[in-house]
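Each remark here refers to the structure printed beneath this line.
Numbering (this note's numbering), first residue to last: 15 to 533.
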């Protein structure tokens, strides 16, 4: 489902945030500050111990989990997911999770074990819409002879089905599951993943695959940075000149309204909302298909001569600019049918100064333009902090009373040699100085895979499994901090992705997935 939310960006080159990550330090489980190299070396050494089995470990770690030594077997040919109500999302989810839970229907039951035959699914409210406030809690009980999954909403049931598919695991040529009780809910309600389709185009089929990968780790937001200076791949029916002049290729490198609807629809099936981002008034060079929309730039400054052949931001002194923006975003709302699901907002030109000159244009990209400028921001706005020195920014924003989403720690496109997921794992969105009331304004976080050097050939591998670390930080309890405890689970989760056809880079140094080449 599409969400046109106000996302107020704390501006700053994201490369600065990436450089800052080189100096990031980690907390080990005992709270001792440890340098990156030392911690990574310790993790690497630990992963050489040779664990090479599956155990039905859950990722992200549930809030409450109890497991006994009792082991049950399941028959992939006869096992049934029982849901007595009518709901197309759950029906499709059951069909999907049958295949995910039992990828090999020829496996035999283990005759030495008792056999579980069904899981009964019950949902309290089938009509709860998919919003930021959706209830994603669930209770999963795996026992003999029947298992149960209880959820308050459809969206909680989807998370519970994912957990069930992880607890069931392969044991030789049989599927087994431990007797388990899971009572689970997310720590944060905003668990996002940003893709950038402006700098490099991503085919629709790959966005579908990204959505699958997000659902397997219980993300619930796809932040779609759909356009930027580099290209305008969105097809507007009302303003077709935008993509005709702004896209890399107006035939092949665009997203038409039906494709966008297909992505929104598929995401909803997985319990994921799509949040598109259309930057305004800056980052709009690709909007030049609309005559007179952008500011004409000139400069006598030699350092800015390179900008003379470029347009500036959307011209703030023309009434036509505001008329265009109103019409353009109205089309976005109609195409998304967003209003039928929840309250929708469009971007606003907040506090845009009429005397802003082109010589100040470069300041858009490296100034904290919106928040630090003192512009009036509506109190229901969500502030996205993605600068370095994020703890200071989080403190300032929450002190001002705004809800906030953190991205600064989680630039997945920044690559370093060796195991780097621990540094993503140890960043806590509430790890800044503030009162409980201020920290409660943190509604979650979002990792980002920016597209400067990322396209269809490498986005999946570069994102996963480092995104696993972010997923657990945003879902699991605050005291889930042990990297050594996470090692076995993250390794098994990586193997799970491989088994499901998601090409995922190694998360350990010298290990293998038992069935990694069976496909």
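Cβ atoms here follow ideal geometry from the backbone N, Cα and C, with glycine treated the same way.
Return the chain-ordered ranges of every beta strand (DSSP E) run that is complete within the region 388–422 and spans a minimum of 3 residues.
The region 388–422 contains these whole beta strand (DSSP E) runs: 396–399, 417–420.
Buried or exposed: where does residue 437 fall if 16 or more other Cβ atoms within 10 Å of its Cβ makes it buried?
Your numbering for residue 437 matches position 423 in the chain shown. With 16 or more other Cβ atoms within 10 Å, it is buried.
Using only alpha-carbon positions, find the residue among 128, 249, 285, 214 that is nearest to residue 102.
Along the chain shown, one-based indexing puts residue 102 at 88. Comparing Cα-Cα distances from residue 102 to each of 128, 249, 285, 214, the minimum goes to 285.
Mind checking which residues open and close the beta strand (DSSP E) that includes residue 138?
Looking up residue 138 in the chain shown gives position 124. Unbroken beta strand (DSSP E) run through residue 138: 132–139.
Output the residue ranges of the beta strand (DSSP E) runs that lie fully inside the region 85–128 and measure 3 residues or longer, sorted by chain position.
Listed in chain order, they are 94–96.
First and last residue of the beta strand (DSSP E) that includes residue 196?
By 1-based counting over the chain shown, the position of residue 196 is 182. Segment 188–198, the beta strand (DSSP E) holding residue 196.
Here's the rule I'm using: 16 or more other beta-carbon atoms within 10 Å means buried, otherwise exposed. How should residue 340 be labelled?
On the chain shown, residue 340 is found 326 positions in, with the first residue counted as 1. Its Cβ having fewer than 16 others within 10 Å, residue 340 is exposed.
According to DSSP, is residue 335 helix, strand or coil?
Indexing the chain shown from 1 puts residue 335 at position 321. Three-state result, residue 335: helix.
With which residues is residue 291 paired in a DSSP beta bridge?
Walking along the chain shown from the start, residue 291 turns up at place 277. In DSSP, residue 291 forms a bridge with 239.
What did DSSP end up calling residue 503 once you bin it into helix, strand or coil?
Here the question's residue 503 lines up with position 489 in the chain shown. If DSSP states are grouped into helix, strand and coil, residue 503 belongs with the helices.
Under the rule that 16 or more other beta-carbon atoms within 10 Å means buried, what is residue 427, buried or exposed?
To locate residue 427, count along the chain shown from 1; it is residue 413. With 16 or more Cβ atoms within 10 Å of its Cβ, residue 427 is classed as buried.
With DSSP as the reference, please indicate the residues paired to residue 162 in a beta bridge.
Position 148 of the chain shown, counted from the first residue, corresponds to residue 162. Beta-bridge pairing links residue 162 to 134, 155.
Suppose contacts are defined by Cβ-Cβ distances below 7 angstroms. Is residue 173 in contact with residue 204 by that definition?
The residue given as residue 173 occupies position 159 in the chain shown. The residue given as residue 204 occupies position 190 in the chain shown. No, the Cβ-Cβ distance between residue 173 and residue 204 is not below 7 angstroms.
Hey, quick one: how far does the beta strand (DSSP E) through residue 177 stretch, first residue to last?
As a working note, residue 177 is residue 163 in the chain shown. Per DSSP, residue 177 belongs to no beta strand (DSSP E); it is in the alpha helix (DSSP H), 168–181.
What separation, rounded to the nearest whole angstrom, lies between the Cα atoms of residue 374 and residue 471?
Sequence index remark: in the chain shown, residue 374 carries index 360 (1-based). Sequence index remark: in the chain shown, residue 471 carries index 457 (1-based). Bear in mind that the predicted position of residue 374 carries a pLDDT of just 38, short of 50, making it too unreliable to give a figure here.
For residue 237, which residues in the same chain have their Cβ closer than 7 angstroms to its Cβ, ignoring the five residues on either side in sequence?
Translated into the one-based positions of the chain shown, residue 237 becomes position 223. 206, 207, 208, 289, 291, 460.
Using beta-carbon positions only, say whether residue 504 and residue 482 come within less than 7 angstroms of one another.
Here residue 504 refers to the residue found at position 490 of the chain shown. Here residue 482 refers to the residue found at position 468 of the chain shown. Going by C-beta atoms, residue 504 is nearer than 7 angstroms to residue 482.
Is residue 78 helix, strand or coil by DSSP?
On the chain shown, position 64 is the one that residue 78 refers to. Correct three-state label for residue 78: strand.
Between which two residues does the alpha helix (DSSP H) carrying residue 456 extend?
The residue you call residue 456 lines up with position 442 of the chain shown. Taken as a continuous stretch (DSSP letters only), residue 456 belongs to no alpha helix (DSSP H), being part of the beta strand (DSSP E) at 456–463.
Tell me the residue span of the beta strand (DSSP E) that contains residue 205.
Here residue 205 is taken as the residue at index 191 of the chain shown, counted from 1. Taken as a continuous stretch (DSSP letters only), the beta strand (DSSP E) holding residue 205 covers 204–210.
Do residue 458 and residue 488 have their beta-carbon atoms positioned less than 7 angstroms apart in this structure?
Here the question's residue 488 lines up with position 474 in the chain shown. Here the question's residue 458 lines up with position 444 in the chain shown. Yes, Cβ-Cβ distance for residue 488 and residue 458 is below 7 angstroms.
Specify, as a first and last residue, the run of the alpha helix (DSSP H) that residue 14 falls within.
This structure cannot speak to residue 14, because the chain is shown only from 15 to 533.
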